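Take any residue in the sequence shown, note its place counting from 1, add 20, and you have its number in my numbering.
Cβ coordinates follow ideal geometry from the N, Cα and C atoms, glycine included.
Everything numeric in this text was worked out from a predicted model, so none of it was measured.
All remarks here apply to the structure that follows.
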Amino acid sequence: MSVGAWEPAKPASNDRTRSDIDKSLLERIINALQTADAGATPGLAAPDLTKFDSDLQSSNWLSGLPATQWLDEAAHWNNDQVWGLIRFFTLAEAQLPDWQGGAESPVIPLAKSLRLRKSPLVREQLLWIRQHSDNRYLPYGPL
């Protein structure tokens, strides 16, 4: 009789499969925010996301991706672009239907990616997040 390792046929319910993040979708989000910033203080405007293209509004599946995947993805973007994504996800959770965030919000790993680069969010950015979200976990997650 031999002893082997048992491997389940299906992943456990807490195992999430990785969905590829469409870089062109993230570029469109960043570009839409930059366009909305026209005439406002760069990086601090709070555009109405309900006026964005419908495919950007309906990309709520992005908010359900694992934190590790967002950390990996953030490596492909510069600090200003990561801040743009943080702004979008902060506003999307507050303004768009079916966007969930809470303790699993993409804002948390994106903010962490900036801290790992030694470029943490500055006071104005932290205040902006608090002003535009009622999610108590933003930006650094459950403490």
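Jot down the residue ranges of each uninterrupted alpha helix (DSSP H) in the region 30 to 99, minimum 4 residues, whole runs only, in chain order. Entirely contained in the region 30 to 99, the alpha helix (DSSP H) runs reaching 4 residues are, in chain order, 43 to 56, 74 to 77 and 87 to 94.
Decide if E93 is buried, meaning its Cβ has at least 16 other Cβ atoms within 10 Å, or exposed. Taking the sequence shown and counting its residues from 1, the one referred to as residue 93 is at position 73. Label assigned to E93: buried.
Start and end residues, alpha helix (DSSP H) containing S125: Here residue 125 is taken as the residue at index 105 of the sequence shown, counted from 1. Following the DSSP letters along the chain, one finds S125 in no alpha helix (DSSP H), marked with neither H nor E.
Output yes or no for whether 8 Å exceeds the beta carbon distance between S83 and S44. Looking up residue 83 in the sequence shown gives position 63. Looking up residue 44 in the sequence shown gives position 24. Their beta carbons are not under 8 Å apart, which means S83 does not touch S44 by this criterion.
Could you tell me which of Q145, L91 and L111 sits nearest to R137, measuring between CA atoms? Here residue 137 refers to the residue found at position 117 when the sequence shown is read from its first residue. Looking at the Cα atoms, L91 is the closest of the given residues.
Distance, Cα to Cα, S133 vs L158? Within the sequence shown, numbered from 1, the residue matching residue 133 stands at position 113. Within the sequence shown, numbered from 1, the residue matching residue 158 stands at position 138. Going by the C-alpha atoms only, they are around 14 Å apart.
Sorted by chain position, which residues of the same chain lie with C-beta nearer than 8 Å to N34's C-beta, five sequence neighbours on each side aside? The residue you call residue 34 lines up with position 14 of the sequence shown. Residue placement at N34 is poorly supported in this model, since its pLDDT is 41, which falls under 50; the coordinates are not used for a value here.
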